[in-house]
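Chain order of the listed sequences is A and B.
Going by the working numbering, 746 is the number at position 135 of the first sequence; the sequence numbering is gapless.
Going by the working numbering, 742 is the number at position 131 of the second sequence; the sequence numbering is gapless.
Using N, Cα and C, we set each Cβ at its ideal position, and we do this for glycine too.
Let me begin by presenting the structure, written as structure tokens, before commenting on it.
There are 2 protein chains.
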Amino acid sequence: MVGAMTTKTPYHHGDLQSGLVRAAMELLEEGETDLSMRAVARRAGVSPAAPYRHYEDREALVSAVAAVGYGELAEALTAAHPSPSTPEQLVRVAIAYVQFALARPALFRVMFGEPCNRDNNERVAATGAVSLYLQGIVERSFPDADAEPLGTAIWALVHGLASLHLDGKLDSTDPAAVADRVNAAVRAMLTATQPGRDAA
Amino acid sequence: MVGAMTTKTPYHHGDLQSGLVRAAMELLEEGETDLSMRAVARRAGVSPAAPYRHYEDREALVSAVAAVGYGELAEALTAAHPSPSTPEQLVRVAIAYVQFALARPALFRVMFGEPCNRDNNERVAATGAVSLYLQGIVERSFPDADAEPLGTAIWALVHGLASLHLDGKLDSTDPAAVADRVNAAVRAMLTATQPGRDAA
DNA sequence: CTACAATGTGAACGGTGATTACATTACCGA
DNA sequence: TCGGTAATGTAATCACCGTTCACATTGTAG
Numbered sequence: 612m613v614g615a616m617t618t619k620t621p622y623h624h625g626d627l628q629s630g631l632v633r634a635a636m637e638l639l640e641e642g643e644t645d646l647s648m649r650a651v652a653r654r655a656g657v658s659p660a661a662p663y664r665h666y667e668d669r670e671a672l673v674s675a676v677a678a679v680g681y682g683e684l685a686e687a688l689t690a691a692h693p694s695p696s697t698p699e700q701l702v703r704v705a706i707a708y709v710q711f712a713l714a715r716p717a718l719f720r721v722m723f724g725e726p727c728n729r730d731n732n733e734r735v736a737a738t739g740a741v742s743l744y745l746q747g748i749v750e751r752s753f754p755d756a757d758a759e760p761l762g763t764a765i766w767a768l769v770h771g772l773a774s775l776h777l778d779g780k781l782d783s784t785d786p787a788a789v790a791d792r793v794n795a796a797v798r799a800m801l802t803a804t805q806p807g808r809d810a811a
Numbered sequence: 612m613v614g615a616m617t618t619k620t621p622y623h624h625g626d627l628q629s630g631l632v633r634a635a636m637e638l639l640e641e642g643e644t645d646l647s648m649r650a651v652a653r654r655a656g657v658s659p660a661a662p663y664r665h666y667e668d669r670e671a672l673v674s675a676v677a678a679v680g681y682g683e684l685a686e687a688l689t690a691a692h693p694s695p696s697t698p699e700q701l702v703r704v705a706i707a708y709v710q711f712a713l714a715r716p717a718l719f720r721v722m723f724g725e726p727c728n729r730d731n732n733e734r735v736a737a738t739g740a741v742s743l744y745l746q747g748i749v750e751r752s753f754p755d756a757d758a759e760p761l762g763t764a765i766w767a768l769v770h771g772l773a774s775l776h777l778d779g780k781l782d783s784t785d786p787a788a789v790a791d792r793v794n795a796a797v798r799a800m801l802t803a804t805q806p807g808r809d810a811a
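Written out as structure tokens, the structure reads:
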């Protein structure tokens, strides 16, 4: 009964479920790469054991964070262009993908780097959304091509560019140079699939 | 002075420096994904503090392991084809790259997944070797093309395929299907750069 | 043979994921 | 309004981890 009148530290958080995800996102944005359960709990102003009422284990919380990340990645891509149907527009989306990875490296690692359960979580749905978005782009841009392998190839190319930059295997000090590299790589891939040529 | 005549547990390991790397490699091969310093020490038959005589911290040991991994990746690639100069041969190398990632996922994650020091370790040299190997392939295969961006694009494509399969974003249950996917993607990329067309 | 440098040990510190028993609170039916 | 039950948060605890320190042991140079 200490300080009962003030609003400080109510016993119940209110919405810890999403508060934890928000706290985790904050930590990632601040450069924390490990996302310890305890650190997230601290940031949310709650005891170390509290998160386990809402997430079975660290894996589960991280997956929830990753799912939000996929949504934000999708936002960033659609912001670059809502519905690309030309190589130029597709290149802009590709650049946005790599820029997302470089701008939010810790989140990107959580989304793609950590070994995760293939089966039972929301991540598969979220990544499926990204995949479908790309698939749609490809189908609009190259109606003659087989969309599935081409979409896969483009996703892999762009994702690989993002990963290699993020891991320091490709120099990412100059954003313009990065954009040029992405532009060149994607165009190289796309010139293979102009109407009239075989894509698979 | 217990059991002085037997060869069991001599106080000095002999070659702990490389023994630790070997132990770490064993653990990775057995599926351990975390590579805890203590577990490596245990496997090497040594106290938890001993590794610190040879590696400044976990980062340093992991980097040494990664460097060995790069060497083995290079071996796997050259085993697929020592010196590719045609798209067909290059495809074989690409498939070998992805198969390496799928066959030794924990090692691959150590090599590429973990955030690492960009500056002062042997990893940059080792990745540079992989990069140069690819660059050489591209130069031989496409003498008319600008090797640097094309080599980057191919590396990114193949690495992206490996990463997405490893993270479960692409189905990797059927090795033949994986190989087909890699084949299709790389060929799509390569048809863009046949002599007479612009690569950048 | 002796001193020194190199190498390995054991104990310790703080941090982590996770579980358990317990405390507090919200909410719903009487 | 009251009381009980389910939901939610806490404190204590366990095992493990990275890392450091003082100390023990061993190889080796002089």
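- Within chain A, the residues whose beta carbon sits less than 7 Å from that of Arg792(B) are Pro760 and Thr763, listed in sequence order.
- Taking each of Asp791(A), Ser774(A), Arg653(A) and Asn794(A) in turn and checking the Cα distance to Ala714(A), the smallest one comes out for Ser774(A).
- Under a criterion of Cβ atoms nearer than 7 Å, the residues of chain A adjacent to His770(B) are, in order, Gly771, Ser774 and Leu775.
- Two segments are said to touch when three or more pairs of C-beta atoms, one from each, lie closer than 8 Å; by this definition the region 683-699 of chain A touches the region 741-749 of chain A.
- In chain order, Leu646, Val721 and Glu725 place their CB closer than 7 Å to the CB of Val673(A), counting only its own chain and leaving out the 5 sequence neighbours on each side.
- Comparing alpha carbon positions, the residue from Gly656(A), Lys780(A) and Thr738(A) closest to Ala736(B) is Lys780(A).
- At least one CB atom of chain B sits nearer than 7 Å to the CB of Asp778(A).
- By the rule that beta-carbons nearer than 7 Å mark a contact, Gly680(B) does not touch chain A.
- In this structure, the straight-line span from the alpha carbon of Leu772(A) to that of Gly771(B) is close to 7 Å.
- No Cβ of chain B is located within less than 7 Å of the beta carbon of Pro693(A).
- When the beta-carbon positions are compared, Ala671(B) and Ala655(B) stay at least 7 Å from each other.
- Taking the C-beta atoms as reference points, Met648(B) is found no nearer than 7 Å to Met800(A).
- Leu631(A) is a Cβ neighbour of Val651(A), given a cutoff of 7 Å.
- The DSSP-derived three-state label of Ala736(A) is helix.
- Within 9 Å of the CB of Thr697(B), no CB atom of chain A is found; the nearest one sits about 16 Å away.
- One finds Pro726 in chain B with Cβ atoms closer than 8 Å to the Cβ of Thr644(A), taken in chain order.
- Shown here, Val657(A) sits in coil according to DSSP, grouped into three states, outside any helix or strand.
- For His776(B), the uninterrupted alpha helix (DSSP H) run begins and ends at Ala758 to Leu777, by DSSP.
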